[in-house]
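Peer 1: Numbering (mature numbering (1 follows the signal peptide of the UniProt record, and there is no 0)), first residue to last: -25 to -1, 1 to 289.
Glycine included, every Cβ here is placed at the ideal spot set by N, Cα and C.
Got a structure here, written out as structure tokens. Questions coming.
Here's what the structure looks like:
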């Protein structure tokens, strides 16, 4: 496969979704008209308390430096808002955290910051670990700010950087619409453990498929959701990984072009445990595995033709 395409696919999925969010964040007024699971205008009656919370929260979001304050305020007051306005605030918060991410990344990519983290970092460490172990007061302050602004620490290819910490959105689930509640579950899992790292598949093949199935279910169930485009983007990348792999974990291993044993076992198990008639993704995977089995689990011209026809890389 084209190496450039594989390298593109090997970006962290969280970053890919973030790129989509940037294009679709829009202004607050745009989001008011587009949030929810219906394409038609929503009629609702907001109480004085709900309105007060909503507009106070929006005032915090107008200033990027007030992002930590906005999060604290929403945590304390979201229960006072109606479902519609609570959903809006959560989506606006996600947009704001995403919008501020490049600026936060720049602060992390300073040599002294990278060196300071490296000196104390161990696999699985978060901002609190770094803050408590470093003696650098400026690094301590940055760790505090990044955490309070809705980010978590991640690493890849020897670099340390912030990503959106979707686990902080879990506390908002009781107050938002069903589609956004489901969206938060999916994204929290993505930020808990990235599917890819250093251009390699970082999760098991069964987990890879289960995530894709959940994403497909969201797309089918919430076709007009405000986050349907983001979920389509995420699902598309999971499909590519499923049928092609990545540059460092290709589905058919070199040099013999044989299907990876773990992929074969994982895919076979998921197909055994799940009905494929309600999932286009699983239906395509079953057909693919039938073709692969007929070719002794080798990457042949017939297998390549099936992928090019049914899962083309665009």
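Note down the Cα distance separating residue 278 from residue 203, rounded to an integer number of angstroms.
Peer 2: Here residue 278 refers to the residue found at position 303 of the chain shown. Here residue 203 refers to the residue found at position 228 of the chain shown. Straight-line Cα distance between these residues: approximately 31 angstroms.
Peer 1: In whole angstroms, give me the CA-to-CA distance for residue 28 and residue 119.
Peer 2: By 1-based counting over the chain shown, the position of residue 28 is 53. By 1-based counting over the chain shown, the position of residue 119 is 144. Using only the alpha carbons, I get a separation of about 26 angstroms.
Peer 1: Whole angstroms are fine: how far does the CA of residue 38 sit from the CA of residue 83?
Peer 2: Indexing the chain shown from 1 puts residue 83 at position 108. Indexing the chain shown from 1 puts residue 38 at position 63. Their Cα atoms are separated by approximately 21 angstroms.
Peer 1: Decide if residue 137 is buried, meaning its Cβ has at least 16 other Cβ atoms within 10 Å, or exposed.
Peer 2: The count along the chain shown starts at 1 and reaches residue 137 at position 162. Its Cβ being crowded by 16 or more others within 10 Å, residue 137 is buried.
Peer 1: Hey, is the segment 29 to 36 in contact with the segment 110 to 128, meaning 3+ C-beta pairs nearer than 8 angstroms?
Peer 2: Judged by Cβ distances under 8 angstroms, the segment 29 to 36 makes no contact with the segment 110 to 128, as fewer than three pairs qualify.
Peer 1: Looking only at its chain, what residues have a beta carbon closer than 7 angstroms to the beta carbon of residue 189, apart from the 5 residues adjacent to it on each side?
Peer 2: As a working mapping, residue 189 is identified with position 214 in the chain shown. The residues are 161.
Peer 1: Whose C-beta lies closer than 6 angstroms to the C-beta of residue 150 among residues of the same chain, with five residues either side of it excluded?
Peer 2: Translated into positions along the chain shown, residue 150 becomes position 175. Result list for residue 150: 53 and 61, in chain order.
Peer 1: Kindly indicate if chain C contains any beta-carbon less than 8 angstroms away from that of residue 74.
Peer 2: Given the protein chain composition of this structure (a single chain), no chain C is represented.
Peer 1: By the 10 Å Cβ neighbour count, where 16 or more other Cβ atoms means buried, how is residue 241 classified, buried or exposed?
Peer 2: Looking up residue 241 in the chain shown gives position 266. So residue 241 counts as buried.
Peer 1: At the level of alpha carbons, what is the spacing between residue 89 and residue 95?
Peer 2: The residue you call residue 89 lines up with position 114 of the chain shown. The residue you call residue 95 lines up with position 120 of the chain shown. Straight-line Cα distance between these residues: approximately 11 angstroms.
Peer 1: Can you tell me whether residue 198 is buried or exposed, with buried defined as 16 or more other CB within 10 angstroms of its CB?
Peer 2: For the purposes of this step, residue 198 is identified with residue 223 of the chain shown, where counting begins at 1. That one is exposed.
Peer 1: Could you compute how far the alpha carbon of residue 145 sits from the alpha carbon of residue 183?
Peer 2: Within the chain shown, the letter at position 170 stands for residue 145. Within the chain shown, the letter at position 208 stands for residue 183. If I take the Cα positions, the gap works out to 22 angstroms.
Peer 1: For residue 244, which of 143, 257, 134 and 252 has the nearest alpha-carbon?
Peer 2: The residue given as residue 244 occupies position 269 in the chain shown. The residue with the shortest Cα to Cα distance from residue 244 is 257.
Peer 1: CA-CA distance, residue 111 and residue 99?
Peer 2: Taking the chain shown and counting its residues from 1, one reaches residue 111 at position 136. Taking the chain shown and counting its residues from 1, one reaches residue 99 at position 124. One C-alpha to the other measures close to 20 angstroms.
Peer 1: In or out: residue 179 buried (at least 16 other Cβ within 10 Å) or exposed?
Peer 2: Taking the chain shown and counting its residues from 1, the one referred to as residue 179 is at position 204. Result: exposed.
Peer 1: Taking DSSP's pairing of strands, which residues face residue 139 in a bridge?
Peer 2: As a first step, residue 139 must be located in the chain shown, where it is residue number 164. DSSP lists 126 as partners of residue 139.
Peer 1: How long is the line joining the alpha carbons of residue 288 and residue 264, rounded to whole angstroms?
Peer 2: Here residue 288 refers to the residue found at position 313 of the chain shown. Here residue 264 refers to the residue found at position 289 of the chain shown. The alpha-carbon atoms of residue 288 and residue 264 are separated by roughly 19 angstroms.
Peer 1: So is residue 158 buried or exposed if we call it buried at 16+ other beta carbons inside 10 Å?
Peer 2: Numbered from 1 along the chain shown, position 183 holds the residue referred to as residue 158. When all chains shown are included, residue 158 counts as buried.
Peer 1: Hey, residue 139 and residue 73: beta-carbon distance below 8 angstroms or not?
Peer 2: Position 164 of the chain shown, counted from the start, is the residue given in the question as residue 139. Position 98 of the chain shown, counted from the start, is the residue given in the question as residue 73. A contact, by the Cβ cut-off of 8 angstroms.
Peer 1: Who are the Cβ neighbours of residue 237 in its own chain at under 6 angstroms, not counting the five residues just before and after it?
Peer 2: Walking along the chain shown from the start, residue 237 turns up at place 262. Within the same chain, residue 237 has close Cβ partners 180.
Peer 1: Taking the CB atoms as reference points, tell me whether residue 218 and residue 209 lie closer together than 8 angstroms.
Peer 2: Within the chain shown, numbered from 1, the residue matching residue 218 stands at position 243. Within the chain shown, numbered from 1, the residue matching residue 209 stands at position 234. It is not a contact, given that the beta carbons lie outside the stated cut-off.
Peer 1: For residue 191, which residues of its own chain have a beta-carbon under 8 angstroms away from its beta-carbon, when the five flanking residues on both sides are left out?
Peer 2: Here residue 191 refers to the residue found at position 216 of the chain shown. Cβ within range, chain order: 210, 254, 255 and 256.
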